[in-house]
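Q: Chains A and B, in that order, give the protein sequences. So for the first sequence, the numbering used here puts the first residue at 3; every next one is plus one. So for the second sequence, the numbering used here puts the first residue at 435; every next one is plus one. Note that beta-carbon positions come from the ideal geometry of N, C-alpha and C, so glycine has one too. Predicted model only: the values in this text are computed from it and were never measured. My structure is below; once you've seen it, I'll send some questions.
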Amino acid sequence: GEDVEQSLFLSVREGDSSVINCTYTDSSSTYLYWYKQEPGAGLQLLTYIFSNMDMKQDQRLTVLLNKKDKHLSLRIADTQTGDSAIYFCAESMNRDDKIIFGKGTRLHILP
Amino acid sequence: EPEVTQTPSHQVTQMGQEVILRCVPISNHLYFYWYRQILGQKVEFLVSFYNNEISEKSEIFDDQFSVERPDGSNFTLKIRSTKLEDSAMYFCASSEGSGPQHFGDGTRLSIL
């Protein structure tokens with residue numbers, strides 16, 4: 003069935019780049035998302051990529067998609083303390099379909 | 435920027451009681467969703483709603499659950515005969531269909 007896997011924790015020094023990785027199983031996934039959840043808050047859509055794209059850049063965020071390996075990554079350049087949160091990788095077949103989430107990667111920023 | 439709003443932010447209910455979670459989706463959105471996140475676990479899809487009817491529901495969404503759009507703005511999730519295992523964060527989301535889903539801040543439901 004559909005599944006999204008990601009590592010649970012990542013620690014990065016402030017100012018360095020963070021790279022959060024994700025793999026998914028459903029080759030028919032058309033849309034791949036990154037959501038951010040700060041403590042006590044909801045799910046904030048950070049960015050998303052269509053499966054016919056390899057890369058998408060938005061300011062400090064770069065998303066890379068390897069469709070052959072079903073691997074998605076999120077790179078955050080110049081990581082700041084405000085980036086400390088849980089980052090969820092997610093996928094859906096179509097834009098109005100249910101979203102399948104990973105368990106989330108907790109990003110911890112070291113001073 | 436328009437946002438999805440959910441009320442209440444925290445609901446405490448006795449086991450066996452009924453609870454209604456409320457959501458106001460973004461005004462021009464046509465697709466509505468409920469998800470839940472049990473503490474420490476994944477965010478799980480419950481149900482999607484379009485054109486005044488359920489378009490898809492998960493195995494979790496059994497007869498205990500129902501959804502309604504009682505007027506032009508609200509979208510509610512009703513849970514009857516609540517159980518301890520219904521304790522979770524419940525997220526409402528909406529989309530216009532041509533864009534991604536936008537989520538509310540969630541309602542934390544605690545069943546005692």
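Can you find a C-beta in chain A that's less than 8 Å from the C-beta of Gln535/B?
A: Interface residue, yes.
Q: Let me check one thing: in DSSP terms, what residues is Ile111/A bridge-paired to?
A: DSSP lists Val14/A as partners of Ile111/A.
Q: Tell me, which residues are paired with Ala92/A by DSSP?
A: Note: Ala92/A sits in a beta bridge opposite Tyr35/A and Phe103/A.
Q: Could you give the distance in angstroms between the alpha-carbon of Ser544/B and the alpha-carbon of Glu452/B?
A: Between Ser544/B and Glu452/B, the C-alpha separation is close to 12 Å.
Q: Tell me, please, whether the CB atom of Glu490/B is closer than 8 Å to any CB atom in chain A?
A: For Glu490/B, the answer is yes, since a Cβ of chain A falls inside 8 Å of its Cβ.
Q: Taking the C-alpha atoms as reference points, what is the distance between Ser20/A and Ser13/A?
A: Taking the straight line joining both Cα atoms gives about 8 Å.
Q: For a contact meaning CB atoms closer than 7 Å, what does Phe525/B contact in chain A?
A: Ordered by position in chain A, the residues that pass the 7 Å Cβ test against Phe525/B are Gly44 and Leu45.
Q: On a CA-only basis, which of Ser29/A, Arg15/A and Lys69/A is nearest Lys112/A? Give me that one, please.
A: Here residue 112/A is Leu; the residue named in the question, Lys, does not match the sequence. Here the closest residue by C-alpha is Arg15/A.
Q: If I measure Cβ to Cβ from Ile78/A and keep anything under 7 Å in the same chain, skipping five residues before and after, which residues do I get?
A: Same-chain partners within the cutoff: Ser19, Ser20, Arg62, Leu63 and Asp85.
Q: I'd like to confirm the pairing. Which residues does DSSP put opposite Asp85/A in its beta bridges?
A: Answer is none; Asp85/A lacks a bridge partner.
Q: Please list the partners that Gly506/B has in chain A, where partner means a Cβ-to-Cβ separation under 8 Å.
A: Going along chain A, no residue has its Cβ under 8 Å from Gly506/B, so there is no contact; the nearest lies around 20 Å.
Q: Look at Thr541/B and Pro442/B and say whether their C-beta atoms are less than 8 Å apart.
A: In this structure, Pro442/B lies closer than 8 Å to Thr541/B by Cβ.
Q: Mark Ala522/B as exposed unless 16 or more other C-beta atoms lie within 10 angstroms of its C-beta, in which case mark it buried.
A: Burial call: buried.
Q: Looking at Leu34/A: is its Cβ nearer than 8 Å to the Cβ of His536/B?
A: Taking 8 Å as the Cβ cut-off, Leu34/A and His536/B do not qualify as a contacting pair.
Q: Anything in chain B within Cβ reach of Gly180/A, meaning under 8 Å, just list it in chain order.
A: Since the displayed chain A opens at 3 and closes at 113, residue 180/A lies outside it and no answer follows.
Q: Taking C-beta to C-beta, are Tyr524/B and Leu473/B nearer than 8 Å?
A: No; because the gap between Cβ atoms is not below 8 Å, this pair is not in contact.
Q: Does the Cβ of Arg108/A lie closer than 7 Å to at least one heavy atom of the ligand PLP?
A: For the structure depicted, the ligand PLP is absent and the ligand set is empty, with no information on it obtainable.
Q: Excluding sequence positions up to five away, which residues of its chain have a Cβ less than 6 Å from the Cβ of Phe466/B?
A: The answer, listed in chain order, is Pro459, Phe483, Phe509 and Ser528.
Q: Considering just the uninterrupted stretch of the beta strand (DSSP E) at Met55/A, what are its terminal residues?
A: No beta strand (DSSP E) contains Met55/A, which DSSP labels as neither H nor E.
Q: Going straight from the alpha carbon of Ile101/A to that of Cys457/B, what length do you get?
A: The straight-line gap from Cα to Cα measures roughly 18 Å.
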